[in-house]
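Let me begin by presenting the structure, written as structure tokens, before commenting on it.
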Amino acid sequence: MADTLTLFSSIGLSEQKAKETLKNEALSSVLKDAITQVQRVNGASGVDKAMGTLLYSMASRLKDTKRLVFLSDSIAQRKICTELQLAAALDFLKSHPQDPINQKEFEEACGVGVVTTPEQIEDAVESVIKKHKEQLLKERYRFNMGLLMGEARSALKWADGKVIKNEVDMQVQKSKVTDNEVKSKKDEVAVNGEANAVEGKSLMEQLRGEALKFHRTGENYTTEGYVVTPNTMSLLKKHLEFTGGQIRTRFPPEPNGILHIGHAKAINFNFGYAKANDGICFLRYDDTNPEKEEEKYFTAIKDMVEWLGYTPYEVTHASDNFQQLYDLAVDLIRRGHAYVCHQKGEELKGHNAPPSPWKDRPIEESLVLFERMKKGLFAEGEATLRMKMVMEDGKMDPVAYRIKYTPHHRTGDKWCIYPTYDYTHCLCDSIENITHSLCTKEFQARRSSYYWLCNALDLYCPVQWEYGRLNLTYTVVSKRKIIKLVETGVVRDWDDPRLFTLTALRRRGFPPEAINNFCARVGVTVSQTTTEPHLLESCVREVLNETAPRVMAVLEPLKITIVNLPENSRSDVRVPDFPANEAKGSHMVPFTRTIFIEQSDFREVMEKGYKRLTPEQPVGLRHAGYVISVQKVIKDAQGKVVGLEVNCCSSETAEKPKAFIHWVSEPLVCEVRLYDRLFLHKHPEDPSEVPSGFLSDINSNSLQVISSALVDTSVKGAKVLDKFQFERVGYFSLDPDSTADKLIFNRTVTLKEDPGKI
249 MADTLTLFSS IGLSEQKAKE TLKNEALSSV LKDAITQVQR VNGASGVDKA MGTLLYSMAS
309 RLKDTKRLVF LSDSIAQRKI CTELQLAAAL DFLKSHPQDP INQKEFEEAC GVGVVTTPEQ
369 IEDAVESVIK KHKEQLLKER YRFNMGLLMG EARSALKWAD GKVIKNEVDM QVQKSKVTDN
429 EVKSKKDEVA VNGEANAVEG KSLMEQLRGE ALKFHRTGEN YTTEGYVVTP NTMSLLKKHL
489 EFTGGQIRTR FPPEPNGILH IGHAKAINFN FGYAKANDGI CFLRYDDTNP EKEEEKYFTA
549 IKDMVEWLGY TPYEVTHASD NFQQLYDLAV DLIRRGHAYV CHQKGEELKG HNAPPSPWKD
609 RPIEESLVLF ERMKKGLFAE GEATLRMKMV MEDGKMDPVA YRIKYTPHHR TGDKWCIYPT
669 YDYTHCLCDS IENITHSLCT KEFQARRSSY YWLCNALDLY CPVQWEYGRL NLTYTVVSKR
729 KIIKLVETGV VRDWDDPRLF TLTALRRRGF PPEAINNFCA RVGVTVSQTT TEPHLLESCV
789 REVLNETAPR VMAVLEPLKI TIVNLPENSR SDVRVPDFPA NEAKGSHMVP FTRTIFIEQS
849 DFREVMEKGY KRLTPEQPVG LRHAGYVISV QKVIKDAQGK VVGLEVNCCS SETAEKPKAF
909 IHWVSEPLVC EVRLYDRLFL HKHPEDPSEV PSGFLSDINS NSLQVISSAL VDTSVKGAKV
969 LDKFQFERVG YFSLDPDSTA DKLIFNRTVT LKEDPGKI
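Rendered as structure tokens:
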């Protein structure tokens, strides 16, 4: 049993999921055989998480186990790579029960080898939107988006549905800018003289405005502060021949932590600027510090980039260039621009470090010593390679290479010397022919070293352009501080919904479109910006208002017995998913003699301005068509109200009540987690505001867990991260901790409306 549990966990199943699977003997047997077959083909470690997901899905759905080996082999050989292909494969095998299987027909039916390019997706979506553009502009947010998705999927049978949806969303957002809106925006830009003056512009439009400030490809020399050397023009000519005038950007995170809301701005700017100009953007991992890098961070970073709706042109690593970077370092020494130094790390700290006594050592000597560093003949900290230049902040001779005897996650122990950021960043930009190196303001002090190093080696030199970081109040985003919050038990992990990491925001239920819209509204400026969380929450509400179906849920239930209905009375009530647009669908909920309402929707003593249920005041039930009035108040031994007996009558015959409230009947019991700000002060890291440090500023009421809330049965079968509006309560998202037996909802954001006014 333990071995099978380990086997199931090895393909990516959570411990809980693996244990649940073991309880199903038939499923366990098929899944175990499938994994074993793939391991025969690929080796014991040849089942990654994506393959494991497919194997689990196959084992759950395969009816004819005699085809298990054939289908497992197809997955092992990566002929079947997606759920779409797996579904097609199962359909094919079901309709071809006789052996032998025609391999060619099978592969054609399953789309084996079919690659759908981003350009094909873009063209197909553009064609579909063009077909419906008139209706789309007329109906705007009332337009049935499913129509566009359906036609796009028909044209792109084997494309990733998420990628199609992201492309549809982006192009629809662009299409909804009517001629009048464009005209008014142009007028406003003309008046204010700034592209950023228009609030609410789409990200693409905003970036096109920013693009006016940037150089054209190959005209780097037109940028203020760009250093021109005798070789600049010939290098730019070669660069232009290689790029063909294409914009090329990159998003270069260090894989030593989880991305946060500030990174969302960087992702939007780099990918968005390239997209707005028909260019390309690389996702490049700056993996030059093996001590701090973990595989989970590589995976999480790419996951978040794609979640925000962007597809990298290519995923690269600084380590891809380790040999070339080393060769360039040797060249730098030969040119007299670098030397091996033996000053200790503590001597080099700060801006007033003493000059190196080894700065003028002979070139040949530095070459020999650098080779010895590479061969592992020095201890860590015993030698570094330094560049002969002064940075903008006055720091002398920054380090280019240091010794680290930590195996690298990709290159193993091939290298024991690793390049620094100051050395690596600009050279990787040059190697990838980046046209616009976009980075945050703190890297401005490194711009001179960026230009110096490229020019010192006679390499193509990109343009570095700095913009202000995005900061939010009431939070911390430092990796070190988040780790401290996790270690001290303040938060559970990097994806705790009270944090502002992207994984945390996703878990809390923030849609990626809302984060992108937020980045667009904040804009891209040179100055630092600090923004209140309520602006982000406003963007979230705007998206969820259009996309989150309405359901009814009661967080603090009060039992109501409708005494003038028969004991076994039961009817179905239709509830629109989107009351403002009932054409978008509806769901049915039961209505019986026993219902539950919020405790706060009843008051035993009437108060001025209170519009809901009291012994003297009836109230309407949303969607049900009934008005209820109190007949009897039921209390426990302590005098607490525990139930009500009421009469109901049709809302058509009753006097119109002052308010309508939500309710549930025959509900599901669920857990609800209500989140509030993690910190009490706006700037928890500011000693003048929080003298005792950020850990002393924790809001003890930042999480409230309601373990026995009630929700209507329409949410049964919801998937993790599905989002709903609990009517009159707020927006909620299904948490990954949910099980088949108990759903857990995170409150994403509250409603703007005060429930007391309804």
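Each position in the sequence shown, counted from 1, maps to that position plus 248 in the numbering used here.
Every residue, glycine too, gets a C-beta built ideally from N, C-alpha and C.
May I ask which residues mark the beginning and end of the beta strand (DSSP E) holding residue i?
i     : result
W713  : V711 to Y715
K880  : Y874 to K883
R498  : R496 to F499
D1063 : Any question about residue 1063 goes unanswered here, given that the chain covers just 249 to 1006.
E562  : E562 to H565
A957  : L951 to V959
E754  : In the sequence as displayed, the identity of residue 754 is Arg instead of Glu. R754 -> not in any beta strand (DSSP E); alpha helix (DSSP H) instead, spanning L750 to R756.
C896  : V889 to S898
C918  : L916 to Y923
Q776  : No beta strand (DSSP E) contains Q776, which DSSP labels as neither H nor E.
Is it right to say residue i is buried, meaning 16 or more other beta carbons lie within 10 angstroms of its own, or is it exposed?
i    : result
T749 : buried
N428 : With a pLDDT of 39 at N428, under the threshold of 50, the modelled position of this residue cannot be trusted; read the value that follows with caution. Counting Cβ neighbours within 10 Å, N428 comes out exposed, since fewer than 16 surround it.
Q346 : exposed
H910 : buried
T901 : exposed
A828 : exposed
F490 : exposed
N764 : buried
A627 : exposed
P932 : buried
C791 : The sequence shown places Val at residue 791, rather than the Cys named in the question. When all chains shown are included, V791 counts as buried.
D608 : exposed
E442 : Because E442 carries a pLDDT of 35, less than 50, the predicted location of this residue cannot be relied on, and the following value inherits that uncertainty. So E442 counts as exposed.
V853 : exposed
Starting from residue i, follow the alpha helix (DSSP H) in both directions and report where the run begins and ends.
i    : result
T668 : Counting along the chain, T668 falls outside any alpha helix (DSSP H), and DSSP gives it neither H nor E.
G398 : M393 to A403
R531 : Note that residue 531 is Leu in the sequence shown here, rather than Arg. Segment I528 to Y533 is the beta strand (DSSP E) holding L531; no alpha helix (DSSP H) there.
H487 : T480 to T491
Sort the options by Cα distance to residue i and report the nearest one.
i    : options                   : result
F546 : V563, T559, Y558 and A298 : V563
E785 : A957, F766, Q865 and I377 : F766
S678 : Y699, K689, G505 and K904 : Y699
G492 : P503, D312 and T465       : T465
H929 : V938, Y923, S950 and T862 : V938
K405 : T497, V373, I808 and D744 : V373
P915 : C897, V289, R822 and P838 : P838
N600 : E619, Y561, D568 and P646 : P646
V476 : Y923, Y708, F980 and G887 : Y708
C918 : G359, S981, L943 and Y558 : S981
C664 : F354, E539 and R746       : E539
S685 : Y715, L720, D706 and Q571 : Y715
If you draw a straight line from the C-alpha of residue i to the C-alpha of residue j, how long is it?
i     : j     : result
S1042 : V286  : Any answer about residue 1042 is impossible in this case: the structure gives the chain only from 249 up to 1006.
I515  : H463  : 20 Å
E794  : V416  : 15 Å
G629  : G593  : 7 Å
K267  : L253  : 7 Å
T683  : T672  : 17 Å
F340  : A357  : 7 Å
V363  : L338  : 21 Å
R818  : G873  : 14 Å
T779  : H380  : 38 Å
I259  : K1000 : 44 Å
K485  : P710  : 13 Å
I581  : D641  : 24 Å
D934  : T723  : 11 Å
T773  : L556  : 21 Å
R583  : Y669  : 21 Å
Q351  : F519  : 40 Å
K327  : H344  : 19 Å
D281  : S257  : 15 Å
S804  : S276  : It should be pointed out that residue 804 corresponds to Glu in this sequence rather than to Ser. Their Cα atoms are separated by approximately 40 Å.
R995  : Q692  : 40 Å
S913  : K859  : 23 Å
If I'm right that residue i touches residue j with Cβ under 8 Å, what's the distance once you round it to whole angstroms?
i    : j    : result
V889 : V881 : 6 Å
H871 : S962 : The Cβ separation is near 12 Å, so there is no contact.
F618 : L633 : 6 Å
Shorter than 9 Å from the beta carbon of residue i to some beta carbon of chain C?
i    : result
L384 : Among the chains in the structure shown there is no chain C, since it carries only a single protein chain.
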